[in-house]
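Protein chains in written order, with our numbering: chain A, 1 to 432; chain B, 1001 to 1265. We treat Cβ as the ideally placed atom computed from N, Cα and C, and that holds for glycine. From a predicted model like this one, the values you see are computed outputs, not experimental measurements. A short worksheet on the structure shown next.
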């Protein structure tokens, strides 16, 4: 049984096809690898931040001139009143450590974040009894100093930079030796709020995560019941005629509509016509519900179709009504598929940015987490992908780094959701 | 064909359970059943035989209105069970199906426990007032389906874990649990091995004491073994209907003769 020419040709074709397949997979994997490597190498920096530890003497004559500890009087002292304390703290530090520097106290304090004085003030306002004592604080270093510790900023690159001088970087080197300046894990990036353009070091994802959470809540509460009810009706009850055909085609079309179109629809209907608040996660949730519905309907219908008709016959045969057969037998069997489709739909909605551009969830800086479910849904907020977009478009490279860090967080969420979907499918899938 | 032993066929009663007159079924443009008249007797096993696509299953599914679930199916004519027109507007198909149980070609237990499989019908129809009563109903149904001894120790085990023959008997138990008066069986043994088939056939013979059984089968031997009356369908027509013995030994219609001797089908 020697190979004849024809068989050889056939086998060669098969080998070639396999090679193409392997090549395609290799290219895909390579791209993924490059992407993941890029994201991780650029984004992990955002999870670390440079902190400066200082003992600050909270001088009574600066903060409470009357000495009455009257909260109203203390409030009158603005952040400008606190700046000298920071400078004093640096002077004390230099003297204590014996650091030689030509910097003025003002320049020394310049290595701190612009928010340092406010941090001091908030601490004092929350507890006026600390006035007159010396307290150890951890201040965020300015984004340039942070960049210096992360090798983003070098002495050459700051030649034309007004925000930081070579002398300050030398000073930072001394402070690192003294253990006053150090880089470590920054929980605030995960839990904190976005910040203004001047303070990239203080920006965090936390509040936009809450925005995303409330949006997903709205999507889940609306899209799941509507989607499942629509699918059950279409799949189990609706007669097959031209009307249901049109509906079916349109649901498939809806899944292919560009998301920006949903955004402009949301703007026109929910904000301009219904006067729902701008930038609210509720509006974002409504828009994303429209986007997610087709995904949920299509996957739910596929899950219902996968339930063998013999189960429906069995239920009808013992005298169950149509609805009993659906709710007692078909739906439980389709549940894992429905759940999987829902989670994948939610994951898709979680990463969606374009519609949020149009309903004002981008560019807004939410500084405080909402304090109730209603305010979570109705107060202006951002969302994770919108926050990433916002950071990526700002000029400061420190924000760019945070955008990559935000992508890591977003991807972790998406991977978690998809993993849950896979696990659910594996665990509850029933084979006949 | 040497297994064509014709058992003594004492038709226990002459009372007519199901009377069909002028039944027509259309699937869209396809005229599947053409003007069928048949009287099915109580406490009798009636077999429907005929080649594939002859309409015997379609006609069976008319008897408990399972064809209602098919959008394109249209039924004309008159089918009465105990004198009551089952296609009357006042008749609820769900009530009817509790009275006319059905067993399908492929064993189709619910993917639930054996107990829940049998208890489902009584539960949705409210046949049991409490747990003890339901237990009784389940046990009685499983005994009637001759499967009690095999499953009594594992009622909580999934019904889908049983063997094919056991699954089919479980489906029979499920059908009899709602206390039907008529039991329709659509090729109940076609997915079973010969041993399981023999068990189910024996069971069918026992069920005859309580129910009017209508069985569709591809196997003429099976029709000969279990039924007292046989109806031969061909191309949507009811060609011949009579005592099983007569049909198999002395058919009147040449088409019946051709079929049972293996020339068509």
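Please decide whether residue 1017 of chain B counts as near chain A, where near means a Cβ-Cβ distance under 7 Å.
-> Within the second chain, the letter at position 17 stands for residue 1017 of chain B. Chain A contact via Cβ: absent.
For residue 1185 of chain B, go through chain A and note every residue whose CB falls closer than 8 Å to its CB, in chain order.
-> As a working note, residue 1185 of chain B is residue 185 in the second chain. Within 8 Å Cβ-Cβ: nothing; residue 1185 of chain B doesn't reach chain A, min ~11 Å.
With residue 317 of chain A as the anchor, note down where its alpha helix (DSSP H) starts and where it stops.
-> The sequence position of residue 317 of chain A within the first chain is 317, counting from 1. Start and end: 309 to 317.
For residue 1103 of chain B, which residues does DSSP report across the bridge?
-> For this step, residue 1103 of chain B is matched to residue 103 along the second chain. Answer by DSSP bridge pairing, in chain order: B/1185.
Residue-level contact to chain B via CB, residue 234 of chain A, 7 Å cutoff = Looking up residue 234 of chain A in the first chain gives position 234. For residue 234 of chain A, the answer is no, since every Cβ of chain B falls outside 7 Å of its Cβ.
For the region 1108 to 1129 of chain B, which residues have a CB atom closer than 7 Å to at least one CB atom of chain A, in sequence order?
-> 1108, 1110, 1111, 1120, 1121, 1124, 1125
DSSP state of residue 1218 of chain B mapped onto helix, strand, coil = Position 218 of the second chain, counted from the start, is the residue given in the question as residue 1218 of chain B. The answer is coil: DSSP assigns residue 1218 of chain B none of H, G, I, E or B.
Taking C-alpha atoms, which residue in A/348, A/415, A/232, A/200 lies nearest to residue 259 of chain A?
-> Within the first chain, residue 259 of chain A is the residue found at index 259, counting from 1. Ranking A/348, A/415, A/232, A/200 by Cα distance to residue 259 of chain A puts A/348 first.
Name the DSSP beta bridge partners of residue 357 of chain A, please?
-> Position 357 of the first chain, counting from 1, holds the residue named residue 357 of chain A. None; residue 357 of chain A has no bridge partner.
Tell me where the alpha helix (DSSP H) around residue 1125 of chain B begins and ends.
-> The residue given as residue 1125 of chain B occupies position 125 in the second chain. Note, residue 1125 of chain B: alpha helix (DSSP H), 1114 to 1125.
Which residue's Cα is closest to the Cα of residue 328 of chain A: B/1055, B/1112, B/1194?
-> The residue you call residue 328 of chain A lines up with position 328 of the first chain. Checking every option, the nearest Cα to that of residue 328 of chain A belongs to B/1112.
So does residue 354 of chain A have its beta carbon nearer than 6 Å to some heavy atom of the ligand FMN?
-> The ligand FMN is absent from the structure shown, which contains no ligand whatsoever.
So what does DSSP say about residue 26 of chain A, is it helix, strand or coil?
-> The residue labelled residue 26 of chain A in the question sits at position 26 within the first chain. DSSP places residue 26 of chain A in helix when its eight states are reduced to three.
Any C-beta of chain B sitting closer than 7 Å to the C-beta of residue 239 of chain A?
-> If you number the first chain from 1, residue 239 of chain A lands on position 239. Chain B contact via Cβ: present.
So which residues of chain B does residue 333 of chain A contact, with C-beta pairs closer than 8 Å?
-> Start at 1 with the first residue of the first chain, and residue 333 of chain A comes out as number 333. Those within 8 Å of residue 333 of chain A in chain B are 1111.
Are the region 1140 to 1157 of chain B and the region 1195 to 1206 of chain B in contact at 8 Å, needing three or more beta carbon pairs?
-> yes
Selection of the region 1150 to 1163 of chain B by Cβ proximity to chain A, strictly under 7 Å | none
Between the region 309 to 327 of chain A and chain B, which residues of the former have CB atoms less than 7 Å from a CB of the latter, in chain order?
-> 310, 311, 313, 314, 316, 317, 318, 319, 320, 321, 324
For residue 334 of chain A, the first and last residue of its enclosing beta strand (DSSP E) = Indexing the first chain from 1 puts residue 334 of chain A at position 334. It is not in any beta strand (DSSP E) - residue 334 of chain A instead sits in the alpha helix (DSSP H) that spans 331 to 350.
Nearest residue (CA-CA) to residue 1193 of chain B, options B/1210, B/1216, B/1166 = Counting from one through the second chain, the residue named residue 1193 of chain B turns up at place 193. Checked all of B/1210, B/1216, B/1166; the closest Cα to residue 1193 of chain B is B/1166.
The region 1252 to 1261 of chain B touching the region 1073 to 1086 of chain B, judged by at least three CB pairs closer than 8 Å = no
Amino acids of chain A, ordered along the chain, whose beta-carbon sits closer than 8 Å to that of residue 1165 of chain B = Position 165 of the second chain, counted from the start, is the residue given in the question as residue 1165 of chain B. The premise fails here: residue 1165 of chain B is roughly 17 Å from chain A at the closest Cβ pair, so nothing lies under 8 Å.
What separation, rounded to the nearest whole angstrom, lies between the Cα atoms of residue 1209 of chain B and residue 1064 of chain B?
-> For the purposes of this step, residue 1209 of chain B is identified with residue 209 of the second chain, where counting begins at 1. For the purposes of this step, residue 1064 of chain B is identified with residue 64 of the second chain, where counting begins at 1. Cα-Cα distance, rounded: 21 Å.
Output yes or no for whether 7 Å exceeds the beta carbon distance between residue 1175 of chain B and residue 1226 of chain B.
-> As a working mapping, residue 1175 of chain B is identified with position 175 in the second chain. As a working mapping, residue 1226 of chain B is identified with position 226 in the second chain. No; because the gap between Cβ atoms is not below 7 Å, this pair is not in contact.
Determine the burial state of residue 20 of chain A: buried for a count of at least 16 other Cβ atoms within 10 Å of its Cβ, exposed for fewer.
-> For the purposes of this step, residue 20 of chain A is taken as residue 20 along the first chain, with counting starting at 1. Exposed: under 16 other Cβ atoms inside 10 Å.
Can you name the start and end residues of the alpha helix (DSSP H) that residue 1237 of chain B belongs to?
-> For this step, residue 1237 of chain B is matched to residue 237 along the second chain. Element bounds for residue 1237 of chain B: not the alpha helix (DSSP H) but the beta strand (DSSP E), 1237 to 1243.
Who does residue 185 of chain A pair with in a DSSP beta bridge?
-> Stepping through the first chain from its first residue, residue 185 of chain A is reached at position 185. Residue 185 of chain A is bridged to A/48.
Considering only the beta carbon of each residue, do residue 318 of chain A and residue 1178 of chain B sit closer than 7 Å?
-> As a position in the first chain, residue 318 of chain A is number 318, starting the count at 1. As a position in the second chain, residue 1178 of chain B is number 178, starting the count at 1. Going by C-beta atoms, residue 318 of chain A is nearer than 7 Å to residue 1178 of chain B.
Got a sec: is the Cβ-Cβ distance from residue 1071 of chain B to anything in chain A below 7 Å?
-> The sequence position of residue 1071 of chain B within the second chain is 71, counting from 1. Taking Cβ atoms only, chain A reaches closer than 7 Å to residue 1071 of chain B, which makes this a yes.
Among the residues of its own chain, which have a CB less than 6 Å from the CB of residue 120 of chain A, if the five just before and after it don't count?
-> By one-based count along the first chain, residue 120 of chain A stands at place 120. Closer than 6 Å at Cβ, skipping near neighbours: 82.
Short CB-CB distance (under 7 Å) between residue 1104 of chain B and chain A | As a working mapping, residue 1104 of chain B is identified with position 104 in the second chain. Yes, residue 1104 of chain B lies at the interface with chain A (some Cβ there is under 7 Å from its Cβ).
Quick one: does residue 329 of chain A have its CB under 7 Å from some CB of chain B?
-> Within the first chain, residue 329 of chain A is the residue found at index 329, counting from 1. Yes, its Cβ sits closer than 7 Å to a Cβ of chain B.
Using a cut-off of 8 Å between C-beta atoms, extract the partners of residue 1091 of chain B located in chain A.
-> Taking the second chain and counting its residues from 1, one reaches residue 1091 of chain B at position 91. Here the premise fails: no neighbours, minimum Cβ distance about 13 Å.
Measure the Cβ-Cβ separation of residue 251 of chain A and residue 296 of chain A and say whether it is below 7 Å.
-> Reading the first chain from its first residue, position 251 is the one you call residue 251 of chain A. Reading the first chain from its first residue, position 296 is the one you call residue 296 of chain A. Taking 7 Å as the Cβ cut-off, residue 251 of chain A and residue 296 of chain A do not qualify as a contacting pair.
List in chain order: all unbroken beta strand (DSSP E) runs of 3+ residues lying wholly within the region 1148 to 1195 of chain B.
-> 1182 to 1186
CB-CB length for residue 199 of chain A against residue 113 of chain A, believed under 8 Å | Counting from 1 along the first chain, the entry for residue 199 of chain A is found at position 199. Counting from 1 along the first chain, the entry for residue 113 of chain A is found at position 113. Correct: roughly 6 Å between the Cβ atoms.
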